[in-house]
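Everything on this sheet refers to the single structure shown next.
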Amino acid sequence: MADAAFHLTEEFIEEDLEYYFSGERDKNNQIRPDDNIASMTPTSMHLSADLDNTKVGNFFYPTLPNIFDRVFIGISIPLFASNWGASFLLELLKVVKPGGVIILPVYPEGQAQEKGYWSRSFLENIFLSRQRWTGFSNVRAENDGVMSLGVGRKWPDPIPTTAQWFYQQRANLALGKLIETGDQDELAPAFSEIATRVWANYTHNSVIERIILDHFGVKTPVHVNCVSNDYGLLVTDLLLSSYINVESGCTYHVTRAEAAVAKNFASYFAPLTGERHDIHSGKASAVNFEHAADVICLIHTLSNLNAAEQQAQIDIAWGNLKQNGLMVVHDAMPSAWHISDENGLHSKLENLGSLSTYSSIVATKIEESVEISHYSTIQEAKLIEEKNQQNTVFKVIKKTS
Numbered sequence: 202m203a204d205a206a207f208h209l210t211e212e213f214i215e216e217d218l219e220y221y222f223s224g225e226r227d228k229n230n231q232i233r234p235d236d237n238i239a240s241m242t243p244t245s246m247h248l249s250a251d252l253d254n255t256k257v258g259n260f261f262y263p264t265l266p267n268i269f270d271r272v273f274i275g276i277s278i279p280l281f282a283s284n285w286g287a288s289f290l291l292e293l294l295k296v297v298k299p300g301g302v303i304i305l306p307v308y309p310e311g312q313a314q315e316k317g318y319w320s321r322s323f324l325e326n327i328f329l330s331r332q333r334w335t336g337f338s339n340v341r342a343e344n345d346g347v348m349s350l351g352v353g354r355k356w357p358d359p360i361p362t363t364a365q366w367f368y369q370q371r372a373n374l375a376l377g378k379l380i381e382t383g384d385q386d387e388l389a390p391a392f393s394e395i396a397t398r399v400w401a402n403y404t405h406n407s408v409i410e411r412i413i414l415d416h417f418g419v420k421t422p423v424h425v426n427c428v429s430n431d432y433g434l435l436v437t438d439l440l441l442s443s444y445i446n447v448e449s450g451c452t453y454h455v456t457r458a459e460a461a462v463a464k465n466f467a468s469y470f471a472p473l474t475g476e477r478h479d480i481h482s483g484k485a486s487a488v489n490f491e492h493a494a495d496v497i498c499l500i501h502t503l504s505n506l507n508a509a510e511q512q513a514q515i516d517i518a519w520g521n522l523k524q525n526g527l528m529v530v531h532d533a534m535p536s537a538w539h540i541s542d543e544n545g546l547h548s549k550l551e552n553l554g555s556l557s558t559y560s561s562i563v564a565t566k567i568e569e570s571v572e573i574s575h576y577s578t579i580q581e582a583k584l585i586e587e588k589n590q591q592n593t594v595f596k597v598i599k600k601t602s
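Residues 202 to 602 (the working numbering) make up the sequence shown, in order.
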């Protein structure tokens, strides 16, 4: 049997597999993985179209059709209840054999809502095969905390997201890079780089969707501007979201861009987002948004700047923001982000206005008195560390004056 397990990183492999091999979760031996199960992550540099349980593969890299009997989603994988997450599952169904399933952890309704994660009802509403007036669910409860997802009488409707784009275009992107360089050795780092950005965007768009939902609700029209290194992935997914009303947006990509990736991305989404999304590439100092924003995002663009350059980018973003708008900042700078650092970035942002923080592990606002549980003990420890250190959180500043 060809089984594969998906993990966030190699750090989580042992714990992820234990969740499914454990008799606690599989008392009747219904879902026990094969002993030769292959492990994969979204950022592995080992690219192979075949299954190889001796190496950790990249689950984004194109595989042979219908190669999997079962795909096990590890408890380390974020389970965000977003269009991206649902689209990701739908694309995975295309690589399992007929009759094959995706097996995944699912939280009880209340805990899932707290984390912004999938619940059984969320999955059933999306993956429902309909014939006349009768609905046939593709989702089955296997055991406590475990469900399986397969294809019923008909395929669920397509879900346009950047996950769909990458799964459908990844082979073209990989082949294009190989033809461009003529060097097999350059394929792995190039593919891993774009796969890492696509995977990071899963968290970015899911958490920022929750931030927008918390502050603006479902129906309020919102314009989003973004400074990032993601080719426009974030704003595109926000525009396509079923849960908020982002009417338009603009992206400035401020790091080196692969021309082939940018062209492929723009061409793919032109019929879906059209003139609602302007995408520019250039230096951070050249950022100049045409329209004021209800939400402006600075995503992984500050960490390589000196203090003066950081302040200049923050000033541009803050000046572009409408009254009662939100500036969302997400980066990874441990020393400069720590709350106790009076000269750090946190203090600079806090001086601008009311500041709140959201987790990068679960799509939830961080509250001092609230502890968030997780199936993964490693992730649970990281949630506590994130709350204390504040170095990976999404910082949200509201402009009230």
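Ideal Cβ positions, reconstructed from N, Cα and C, are used throughout, including at glycine. Please read these numbers as outputs of a predicted model, since none were measured by experiment.
If you pair each beta-carbon of the region 474-490 with each one of the region 443-453, do three or more pairs fall below 8 Å? With the cut-off at 8 Å, the region 474-490 and the region 443-453 touch.
Local Cβ density within 10 Å of residue 444, reported as buried at 16 or more and exposed below that: As a position in the sequence shown, residue 444 is number 243, starting the count at 1. Exposed.
Nearest-angstrom Cα separation, counted from residue 390 out to residue 527: The count along the sequence shown starts at 1 and reaches residue 527 at position 326. The count along the sequence shown starts at 1 and reaches residue 390 at position 189. Across the structure, residue 527 and residue 390 are spaced so that their CA atoms are roughly 35 Å apart.
Touch check for the region 358-365 and the region 286-294: three-plus C-beta pairs under 8 Å? Judged by Cβ distances under 8 Å, the region 358-365 makes contact with the region 286-294, as three or more pairs qualify.
So residue 206 packs on residue 252, CB below 8 Å; how close in whole Å? Against the sequence shown, residue 206 aligns to sequence position 5. Against the sequence shown, residue 252 aligns to sequence position 51. About 11 Å; that fails the 8 Å criterion.
Could you work out which residue in 308, 498, 556, 492 is closest to residue 574 when comparing CA atoms only? Residue 574 sits at position 373 when you count from the first residue of the sequence shown. Out of 308, 498, 556, 492, 308 has the C-alpha closest to the C-alpha of residue 574.
Does DSSP put residue 521 in a helix, a strand or coil? Taking the first residue of the sequence shown as 1, we reach residue 521 at position 320. When secondary structure is reduced to three states using DSSP, residue 521 falls in the helix class.
Residues bridged to residue 481 by DSSP? Mapped onto the sequence shown, residue 481 falls at position 280. For residue 481, DSSP records a beta bridge to 453.
Give me the Cβ distance between residue 525 and residue 599, rounded to the nearest whole Å; I'm assuming they're in contact under 8 Å. Stepping through the sequence shown from its first residue, residue 525 is reached at position 324. Stepping through the sequence shown from its first residue, residue 599 is reached at position 398. So it is a contact: roughly 7 Å between Cβ atoms.
Spatial neighbours of residue 331 within its chain, please: C-beta separation below 6 Å, excluding the five flanking residues on both sides. Mapped onto the sequence shown, residue 331 falls at position 130. Any reading at residue 331 needs caution, since the residue's pLDDT is 45, under 50, leaving its predicted position unreliable; the model's value is listed next. Closer than 6 Å at Cβ, skipping near neighbours: no residue.
Just the Cα atoms here: how many angstroms apart are residue 581 and residue 562? Locating residue 581 in the sequence shown gives position 380, counting from the first residue. Locating residue 562 in the sequence shown gives position 361, counting from the first residue. Spanning the two alpha carbons is a distance of roughly 9 Å.
Pick out the complete alpha helix (DSSP H) segments inside the region 365-453, 4 residues or longer, and give them in chain order. Within the region 365-453, the alpha helix (DSSP H) runs of at least 4 residues that lie entirely inside it are, in chain order, 385-417, 434-440.
Can you tell me where the alpha helix (DSSP H) holding residue 469 begins and where it ends? The residue you call residue 469 lines up with position 268 of the sequence shown. Per DSSP, residue 469 belongs to the alpha helix (DSSP H) from 460-474.
Here's the rule I'm using: 16 or more other beta-carbon atoms within 10 Å means buried, otherwise exposed. How should residue 239 be labelled? On the sequence shown, residue 239 is found 38 positions in, with the first residue counted as 1. Its Cβ being crowded by 16 or more others within 10 Å, residue 239 is buried.
Quick check on DSSP: helix, strand or coil for residue 486? Counting from 1 along the sequence shown, the entry for residue 486 is found at position 285. In the structure shown, residue 486 adopts helical secondary structure according to DSSP, grouped into three states.
Nearest-angstrom Cα distance between residue 348 and residue 365? Within the sequence shown, residue 348 is the residue found at index 147, counting from 1. Within the sequence shown, residue 365 is the residue found at index 164, counting from 1. Distance between the alpha carbons of residue 348 and residue 365 is about 23 Å.
Close-in-space but distant-in-sequence residues of the same chain around residue 619 (CB under 6 Å, 5 per side omitted): No statement about residue 619 is possible, as the shown extent of the chain runs from 202 to 602 and does not include it.
Distance between beta carbons of residue 435 and residue 500, contact taken as under 8 Å: If you number the sequence shown from 1, residue 500 lands on position 299. If you number the sequence shown from 1, residue 435 lands on position 234. That belief holds up - the Cβ atoms of residue 500 and residue 435 are roughly 6 Å apart, short of 8 Å.
Pairwise C-alpha distance: residue 558 and residue 586: Taking the sequence shown and counting its residues from 1, one reaches residue 586 at position 385. Taking the sequence shown and counting its residues from 1, one reaches residue 558 at position 357. Inter-residue distance for residue 586 and residue 558 is about 14 Å (C-alpha atoms, whole angstroms).
Contacts around residue 419, its chain only, beta-carbon distance under 8 Å, and the 5 residues preceding and following it disregarded: In the sequence shown, residue 419 corresponds to position 218, counting from 1. Closer than 8 Å at the Cβ level, and outside the excluded window around residue 419, lie 444, 445, 446.
Cβ contact check for the region 402-416 and the region 459-476: 3 or more pairs under 8 Å: No, the region 402-416 is not in contact with the region 459-476.
Supposed close pair residue 263, residue 372 - CB separation, criterion 8 Å: The sequence position of residue 263 within the sequence shown is 62, counting from 1. The sequence position of residue 372 within the sequence shown is 171, counting from 1. 5 Å between Cβ atoms; contact.
Assigned exposure category for residue 306 - 16 Cβ within 10 Å defines buried: Stepping through the sequence shown from its first residue, residue 306 is reached at position 105. By the neighbour-count criterion, in which a residue is buried when 16 or more other Cβ atoms sit within 10 angstroms of its Cβ, residue 306 is buried.
Beta-carbon separation of residue 303 and residue 272 under 8 Å? Here residue 303 refers to the residue found at position 102 of the sequence shown. Here residue 272 refers to the residue found at position 71 of the sequence shown. Pairing residue 303 with residue 272 gives a Cβ-Cβ distance under 8 Å.
Within this structure, are the beta carbons of residue 564 and residue 408 separated by less than 8 Å? The residue labelled residue 564 in the question sits at position 363 within the sequence shown. The residue labelled residue 408 in the question sits at position 207 within the sequence shown. In this structure, the beta-carbon distance from residue 564 to residue 408 falls below 8 Å.
Separation of residue 296 from residue 537, as counted between CA atoms: Along the sequence shown, read from residue 1 onward, the residue named residue 537 stands at position 336. Along the sequence shown, read from residue 1 onward, the residue named residue 296 stands at position 95. In this prediction, residue 537 has a pLDDT of 49, which is less than 50 and means its spatial position is unreliable; nothing more can be read from the coordinates.
Quickly, what does DSSP pair residue 566 with across the bridge? List them, please. The sequence position of residue 566 within the sequence shown is 365, counting from 1. In the DSSP assignment, residue 566 is bridged to 559.
From the DSSP output, which residues share a beta bridge with residue 241? Residue numbering aside, residue 241 sits at position 40 when the sequence shown is read from its first letter. Its beta-bridge partners are 207, 258.
Rank 368, 481, 275, 310 by C-alpha distance to the C-alpha of residue 578 and give the top, closest one. Numbered from 1 along the sequence shown, position 377 holds the residue referred to as residue 578. Closest option to residue 578, Cα to Cα, is 275.
For residue 249, report the span of its beta strand (DSSP E) as first-last. Residue 249 sits at position 48 when you count from the first residue of the sequence shown. Neither: residue 249 is in no beta strand (DSSP E) and is coded neither H nor E.
Got a sec? Which residues, its chain only, sit under 7 Å from residue 432 by beta carbon, not counting five neighbours each side? Start at 1 with the first residue of the sequence shown, and residue 432 comes out as number 231. Taken in chain order, the residues that qualify are 454, 458, 462, 463, 466.
For residue 210 versus residue 285, is the C-beta distance shorter than 8 Å? Residue 210 sits at position 9 when you count from the first residue of the sequence shown. Residue 285 sits at position 84 when you count from the first residue of the sequence shown. Going by C-beta atoms, residue 210 is not nearer than 8 Å to residue 285.
Paired residues, beta bridge with residue 273 - DSSP: Counted from its first residue, the sequence shown places residue 273 at position 72. Its beta-bridge partners are 206, 304.
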